[in-house]
Every structure is written in structure tokens, then in C-alpha cells.
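A.B. asks: One structure, as C-alpha cells, below. Some questions next.
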Amino acid sequence: MKALAPRGLARVAVVAIAIGAATLPGSAQNGAQSDVQSVVSAAFSKYKDLQEGKNADYIPALAHVDPKMFGIAVINREGKVFTAGDVNTEVSIQSISKVFTMARVIEEQGPEAIEKTIGVDATGMKFNSIVAVEQAYKLAGGPEMNPLVNPGAIAATSMVQGPTADAIWQKIIGTYNDFAGRPLNVLQDVYKSESDSNQRNQAIGMLMHAYGYIKQNPGQATDLYTRQCSVGVTAKDLATMAATLAFGGRNPITGKQAIGTGNVPYVLAVMATAGLYDDSGKWLYHTGLPAKSGVGGGIIAVAPGKFGIAVVSPPLDEAGNSVRAQKAITDIVNALNLNPYASKPSRARASASQ
Ligand code: DON
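Numbered per our numbering, the sequence shown finishes at 483, counting up by one with no gaps.
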């Protein structure tokens with residue numbers, strides 16, 4: 130994967146975790162905030178000098194971000210933020226935006242709209258695969274994709290209703306703002322750079338239109354998608370967005386309901402199956418948590434009712450996922466016992482077998 134990094138942006142990798150202390154298992158139970166801070170600090174120290182991976186560069190502006198950038202933030206149910214490293218420098222949100230546009234469409238049109246128009250199945254292919262579009266349309270014969278790969282994401286953006294491009298944009302950015310708890314802005318250098326170099330996404334938008342996934346105006350949908358990918362976020366913003374998903378769609382800092390509580394499980398399900406693209410299975414195998422990556426270097430992960438997690442570190446692996454973010458979050462998940470598939474044997478059965 131070629132490297133990408135917004136000029137003058139994110140200079141530090143960031144991990145952000147939102148934590149519901151009351152439900153925290155193991156040593157961090159009973160809201161032991163010092164334990165949470167220790168886990169975050171330990172992950173930061175362990176990986177801060179790691180040099181694996183490479184900044185993405187197929188969007189030229191992203192090639193200039195400092196690969197050393199690294200930071201961690203943790204937010205609990207009460208809105209308390211635990212941090213390590215740089216949690217205040219903005220990077221472009223990139224594909225993490227897809228989660229929140231999908232959330233907006235589900236909120237406006239119901240979960241069936243995404244399922245029936247785009248699909249909710251993993252492609253097992255790269256995020257900008259055109260073969261995946263062909264396969265879904267010709268072999269599977271319909272909506273057998275998901276809104277977290279580029280074709281499905283551009284289609285999801287096209288589903289946001291509005292009389293003008295600006296009206297649609299206000300809805301998209303308004304949703305992101307509610308999740309982040311502050312007004313976010315487009316990083317213009319990233320937007321321009323991606324607009325100048327996104328011929329592949331323009332082709333994908335056209336193809337999705339040709340196959341009927343996008344009903345009208347594919348060029349506008351691709352442009353709005355490019356804009357949404359260029360929104361600047363800090364690690365703390367990403368942690369807050371993850372935490373909002375972790376706590377029933379309500380922002381734990383502002384108290385604002387960003388999406389209906391009943392819609393959150395649909396969003397998390399697609400993140401679990403497709404959030405890290407062709408490495409989604411590997412990710413789930415090691416963490417058990419729904420997550421989403423972006424080529425700006427961010428990853429968010431959500432432990433429902435317990436933690437929201439976000440990491441930013443620009444160097445990526447071959448699948449386009451941040452190397453340090455994956456490692457740091459995996460350590461944190463393990464240290465705090467957040468894998469929902471990890472259970473304890475039943476006491477009744479244990480005594481019955483003795
Ligand atoms: O459309 C693109 O290629 C980028 N704006 C976003 C891709 C991305 O973030 C993939 N994530 N890991």
C-alpha cells in the first residue's frame with residue numbers, strides 16, 4: 130500500500146479509548162481509573178518507537194504526515210478522558226467516516242435500506258476493489274457488499290437525502306459533529322489532494338451508478354465522499370465518536386443522542402464484519418471487537434457498554450490498516466479483558482463435574 134499522510138497534520142499517533150469503568154473487568158474493575166491509565170500508558174510506551182509500516186501516499190497530501198505521530202486517549206462512560214501521546218493534532222478521518230455516514234443513512238431510512246441497497250457482507254477484498262463490485266453484481270447478483278468499502282461507502286453517501294450538495298453535506302458533517310461533540314472541519318489540503326487524485330473512486334462511483342446501486346448524481350456522491358474522508362479529527366475526537374457508539378448512540382461527553390440506541394447494533398455489526406477490510410477476520414480473531422480503520426492512520430474500536438477505543442498512527446500495513454494502532458488496541462483489549470467472546474466456565478457445570 131502506498132503511503133498517505135496530510136501535510137501539516139497529525140504528527141503523533143493516537144490511541145483513544147472510552148471506558149465504562151463500572152463494567153470494567155479484572156483489575157480495572159470498580160472504576161480504578163489509574164489501572165486504565167496504566168494500560169494506555171503501557172501501550173504507548175511499548176509501541177512508540179515501532180517503525181513498521183508505511184504512510185499511505187496514493188493521496189499525495191498524506192505522504193507528508195510525520196510517521197512518528199502516536200498518541201492515546203481514553204474516555205469513560207462519565208466522559209473522563211485518559212491519554213498518552215498526542216491526542217490534540219488533527220489527521221484526516223478517511224475511511225472511519227464511512228461508519229458515521231452509514232449511521233446517518235440507517236438513522237434516516239432504517240437498517241433495511243443499507244441491507245437492501247448495498248448489502249452487509251464482507252468482500253474479503255481491498256477497500257477500493259473494483260473486482261468486488263463486479264463479483265457482487267454479476268456473481269452474487271445483488272446487494273452483497275457493505276458500506277465500509279469504497280463502492281458501498283460512495284453509495285451510502287449518495288443515499289443521504291437533500292435538495293442540494295450543500296444540504297446533504299450539512300447533514301453528514303452535522304452527524305459527525307454530534308458523534309465528536311464539537312464542530313469538525315474539512316482539511317482543505319487533503320480534500321484538494323484527494324480530489325485531484327481520486328480517478329479510481331470516480332470510476333467506482335460511475336460503476337456503482339451503472340449497476341444501479343447509486344440512483345443519481347454519482348459525481349456528486351464521490352465528491353461528498355471525498356469531502357467526508359478529509360474531515361480533520363484528533364484522537365480524542367475519534368475516542369468520543371467510538372464512545373458514542375459504545376454507549377447506545379449517546380455522546381458521553383455532551384450527552385447528545387447522535388443516533389437512536391436501537392440503530393447502534395447494526396452499525397457495529399458491519400464494523401465487526403468489514404471494518405478492517407480483508408483483515409477483518411484476523412482483527413476479530415484477536416480482539417473480538419467491532420472496529421474501523423482509515424488510511425490517515427486512525428482506528429476506532431468499540432466495546433459495547435464498556436469502552437470506545439481509537440488509535441492514530443500513520444504507518445499502514447498492506448491492507449491499509451495502521452500497524453501501531455492495531456497492536457496498541459489489541460494490547461489494551463487484552464489487558465482490560467474486553468473481548469466479548471471470552472467468557473468464564475459456568476460454576477454449576479464445574480461443580481457437577483467434580
Ligand atoms: O477513498 C479512499 O481511498 C480514501 N479516502 C479512504 C480509504 C481508507 O481510509 C481505507 N482505510 N483503511
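Every residue gets a Cβ at the ideal spot worked out from N, C-alpha and C, and that includes glycine.
1) Run through DSSP, which three-state label would M337 get?
2) Can Q349 be considered in contact with the ligand DON, in the sense that its beta carbon sits closer than 7 Å to one or more heavy atoms?
3) Measure how close the beta-carbons of V228 and A368 come, nearest whole angstrom, since I'm counting them as under 8 Å.
4) Which residue's Cα is closest to the Cα of Y395: D164, S472, N330, P276?
5) What does the alpha-carbon distance come out to for the pair R453 and Y176?
6) Following a CB-centred definition, is N279 positioned closer than 7 Å to any heavy atom of the ligand DON?
7) Please list, in chain order, all residues of the same chain as Y320 whose beta carbon is under 7 Å from its beta carbon, the five residues on each side excluded.
8) Would you mind reading off the limits of the alpha helix (DSSP H) that contains G348?
9) Note the first and the last residue of the continuous alpha helix (DSSP H) segment covering A309.
10) Just how far apart, CA to CA, sit S156 and S167?
11) If I247 sits next to P272, beta carbons under 8 Å apart, how far is it from one beta carbon to the other, in whole angstroms?
12) So, under 8 Å CB-CB, G423 and S442 are touching, yes? Tell me the CB distance rounded to an integer number of Å.
13) I believe A432 touches L467 by the beta-carbon criterion, under 8 Å. Please report the beta-carbon distance rounded to the nearest angstrom.
14) Pick from P381, G334, W298, M400: whose alpha carbon is nearest that of V249?
15) Report, in whole angstroms, the separation of the C-beta atoms of T230 and V289, which I expect to be a contact under 8 Å.
16) Which whole-angstrom value is the C-beta distance of D407 and M254, which I expect to be below 8 Å?
17) Would you mind working out which of F199, I222, I382, A172 sits nearest E323, comparing C-alpha positions?
18) What do you get for A190, buried or exposed, if any count of 16 or more other CB atoms within 10 angstroms of its CB means buried?
19) Quick check on DSSP: helix, strand or coil for F376?
20) Rounded to a whole number of angstroms, what is the C-alpha to C-alpha distance between T152 and L374?
21) When the Cα of D195 is compared with those of R206, K183, A403, which residue comes out closest?
22) Using DSSP bridges, identify the partner residues of F211.
C.D. replies: Let's see:
1) In this structure, M337 counts as helix in the three-state DSSP scheme.
2) Checking every heavy atom of the ligand DON against the Cβ of Q349, none is found closer than 7 Å.
3) Not really, about 14 Å apart at Cβ, beyond 8 Å.
4) The candidate whose alpha carbon is nearest that of Y395 is P276.
5) When rounded, the distance between both Cα atoms is 6 Å.
6) Correct: N279 has its Cβ closer than 7 Å to the ligand DON.
7) Only residues of its own chain outside the window of five on either side were considered, and among them T355, R356, S359 have a CB closer than 7 Å to the CB of Y320, listed in chain order.
8) Per DSSP, G348 belongs to the alpha helix (DSSP H) from 347-358.
9) It spans 294-309 - the alpha helix (DSSP H) in which A309 sits, taken as one unbroken run.
10) Confidence in S156 is poor, its pLDDT being 42 and thus under 50, which makes the residue's placement unreliable; the coordinate value appears in the next sentence. Near 11 Å, if we compare the C-alpha coordinates of S167 and S156.
11) The beta-carbon separation of I247 and P272, rounded to 6 Å, stays under the 8 Å limit for a contact.
12) Between G423 and S442, the beta carbon gap of about 11 Å keeps them out of contact (Cβ cut-off 8 Å).
13) Between L467 and A432 the Cβ distance is about 4 Å, and since that is below 8 Å, they are a contact.
14) If we check each option's Cα against that of V249, M400 comes out closest.
15) Sure, about 7 Å apart at Cβ, within 8 Å.
16) Between D407 and M254 a beta carbon distance of about 6 Å is seen, short of the 8 Å cut, so the two are scored as contacting.
17) Out of F199, I222, I382, A172, I222 has the C-alpha closest to the C-alpha of E323.
18) Buried, since its Cβ has 16 or more Cβ neighbours within 10 Å.
19) F376: coil per DSSP, three-state reduction.
20) With a pLDDT of only 36 at T152, under 50, the local geometry of the prediction cannot be trusted, and no value is derived from it.
21) Ranking the options by Cα distance to D195, first place goes to K183.
22) Beta-bridge pairing links F211 to V203.
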